[in-house]
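Numbering (our numbering), first residue to last: 2 to 183.
Beta carbons: idealized from backbone N, C-alpha and C, even for Gly.
What follows is a set of notes on a single structure, which appears directly below.
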């Protein structure tokens with residue numbers, strides 16, 4: 002498989018199949034997370050909004066494609082075999098409220114998704130036979146739980162621990178001082 006940690010994606014296929022033959026031809030695989038201000042994102046978003054009856058609380062659109070040796074984008078191909086695409090679930094999103102789509106400016110096609118955890122990271126797993134634009138969307142309320150890596154929670158824990166230790170030290174010193182005069 003090929004990992005794209007910057008955008009939270011993994012692409013995998015059978016070795017030696019059509020996907021592998023493209024890599025053998027020195028094609029480079031790309032997975033880009035589209036910026037919400039980009040023209041591409043703005044042209045695809047209405048299709049997702051329409052497909053979900055405007056019930057979007059979160060949207061991530063990914064562009065999956067090959068470039069040749071000169072850096073020119075290779076036209077979308079149907080590989081004739083399954084390709085597995087794993088897209089990282091953003092912090093605060095709920096699996097029960099997520100959907101995945103193959104999305105074009107002409108419309109969106111919903112994919113059935115499988116939720117998987119790889120190395121303790123939650124992913125949406127899409128099975129397809131071609132590269133294009135794929136989206137994961139959250140269609141319900143986002144979780145109010147504190148996200149992993151949220152420094153505010155860590156700060157509160159550290160401050161609480163320090164206050165507890167300071168209080169315990171004061172009680173200890175006060176008892177020790179009281180015992181000195183007996």
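Looking only at C-alpha atoms, which of the options sits nearest to residue i?
i, options, result
"residue 31", "136, 72 and 39", "72"
"residue 35", "56, 85, 10 and 4", "10"
"residue 123", "99, 26, 135 and 67", "99"
"residue 67", "133, 138 and 141", "133"
"residue 75", "61, 62, 28 and 33", "28"
"residue 13", "85, 55, 47 and 33", "85"
"residue 51", "8, 102 and 5", "102"
"residue 110", "53, 81 and 96", "53"
"residue 26", "121, 69, 117 and 81", "69"
Quick one: is residue i buried, meaning 16 or more other Cβ sit within 10 Å of its Cβ, or exposed?
i, result
"residue 64", "buried"
"residue 119", "exposed"
"residue 77", "exposed"
"residue 94", "buried"
"residue 42", "buried"
"residue 97", "exposed"
"residue 5", "buried"
Thinking residue i and residue j are a contact (beta carbons under 8 Å), I'd like their distance in whole angstroms, please.
i, j, result
"residue 106", "residue 44", "5 Å"
Just to confirm, are residue i and residue j a CB contact at a threshold of 8 Å?
i, j, result
"residue 115", "residue 136", "no"
"residue 88", "residue 138", "no"
"residue 131", "residue 79", "yes"
"residue 91", "residue 59", "yes"
"residue 33", "residue 3", "no"
"residue 128", "residue 83", "yes"
Give me whichever residues DSSP pairs with residue i in a beta bridge.
i, result
"residue 59", "139"
"residue 14", "84"
"residue 51", "Note: residue 51 sits in no beta bridge, so no partner."
"residue 26", "Answer by DSSP bridge pairing: none, since residue 26 is not bridged."
"residue 66", "31"
Compare the C-beta of residue i against all C-beta atoms of chain C and say whether one is closer than 8 Å.
i, result
"residue 63", "Annotation note: the requested chain C is absent from the structure, which comprises a single protein chain."
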